[in-house]
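Structure first, then comments.
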Amino acid sequence: MSVEPYGADEESAAVLRTVGRVIKMCREREGMTQAGLATAIRYSEEQVSSVERGRRAPAEEFLEAADRALEAGGLISGLKNDVAKARFPKKVRDLAKLEAEAVEICAYDNSVINGLLQTEEYLRAVFGSRRPAFSSEQMDELVVARLARQEIIEGRQMSTAFSFVHDEAALRRPVGGKMVLRRQLERLLEVGQMRNVEIQVLPLESEDNCGLDGPFHLLRLKDGATVGHSDIQLVSRLTSDRREIQILELRYGIIRAQALTPRKSLTYIEKMLGET
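If you read the sequence shown in this note's numbering, its first letter stands for residue 1, the second for the next number, and so on.
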């Protein structure tokens, strides 16, 4: 029975198999054994074997070292972008593609701070709390995928508008401990100053909350279409059904009205930071 890397699907598995064949071809062209390559790049022979068989997604350092050792002239190291995408779970690739095409992203969260805003310490604590626990390799892949998604906020020329509404409970929960939470709140204050980002807080003392059914995203795309996304427990779901989108848009509009304004929200977060 073959063992595929975490989050693999047929598309990513095919990419990793191709990368493995390229490395094997270059190695055999140099008349080098797997053991010899492992010694040359300071990885184990088992790792080299797993990569060549498409069972493991090689790290960027692995590819660069193999390219030098096999004198591949960039043929191997040039595959790092393809490998990076293949390492992400399919649902992450699909979501990241939609986010890249969006002109507006709206998100409501009531349990933890939105993934696009999480610091690395915070998101590691979030993933670390999952049960059954992720392996170290799975954790690293998830972290890399999450951080890659965050590039859309600061990686563009303000071409995408972002609206984040958080239930106060998500901002109060000390995920990873107080210091991790402090740095996370500081990150929110930093991002909240960007002209294309609005961050709002729905206070716990508010009697009205239209988001009690859970977190969700709305992504408005360049072609005018809107896609909804929800990720709860074992289900990650994208929808473009017009009736479902209408409901989510209605709920989000009400949630924004129930929350503090962006300016008052930043003041509220500053107050929470002082209390943490």
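Ideal Cβ positions, reconstructed from N, Cα and C, are used throughout, including at glycine.
Excluding five sequence neighbours on each side, which residues of the same chain lie with their C-beta closer than 6 angstroms to the C-beta of residue i?
i: residue 230; result: 216, 237
i: residue 267; result: none
i: residue 245; result: 226, 228
i: residue 34; result: 45, 48, 49
i: residue 64; result: 77
So is the beta-carbon of residue i under 7 angstroms away from any non-hydrogen atom of the ligand ATP?
i: residue 51; result: No copy of the ligand ATP occurs in the structure displayed, which carries no ligand at all.
With distances taken from CA atoms, which of the options is nearest residue i?
i: residue 94; options: 273, 263, 145, 57; result: 145
i: residue 158; options: 105, 26, 254, 86; result: 105
i: residue 20; options: 115, 75, 182; result: 75
So residue i is in the beta strand (DSSP E); what residue range does that whole segment cover?
i: residue 199; result: 197–202
i: residue 220; result: 216–221
i: residue 226; result: 226–232
Could you give the distance in angstroms between the alpha-carbon of residue i and the alpha-carbon of residue j?
i: residue 242; j: residue 125; result: 36 angstroms
i: residue 269; j: residue 102; result: 27 angstroms
i: residue 151; j: residue 29; result: 39 angstroms
i: residue 10; j: residue 171; result: 38 angstroms
i: residue 248; j: residue 52; result: 45 angstroms
i: residue 61; j: residue 24; result: 17 angstroms
Leaving out the 5 sequence neighbours to the left and right, which residues in its chain are closer than 7 angstroms to residue i when beta-carbon positions are compared?
i: residue 50; result: 56
When the cut-off is 8 angstroms and only beta carbons count, does residue i lie next to chain B?
i: residue 106; result: Looking at the structure shown, chain B is missing, and only one protein chain is on hand.
Within a Cβ cutoff of 8 angstroms, which residues of the same chain sit near residue i, ignoring the five residues on either side of it in sequence?
i: residue 258; result: 202, 206, 208, 209, 210
i: residue 42; result: 65
On the CB-based measure, 16 or more other CB atoms within 10 Å of its CB, does residue i come out buried or exposed?
i: residue 160; result: buried
i: residue 128; result: exposed
i: residue 120; result: exposed
Considering just the uninterrupted stretch of the alpha helix (DSSP H) at residue i, what are its terminal residues?
i: residue 62; result: 60–69
i: residue 242; result: 242–258
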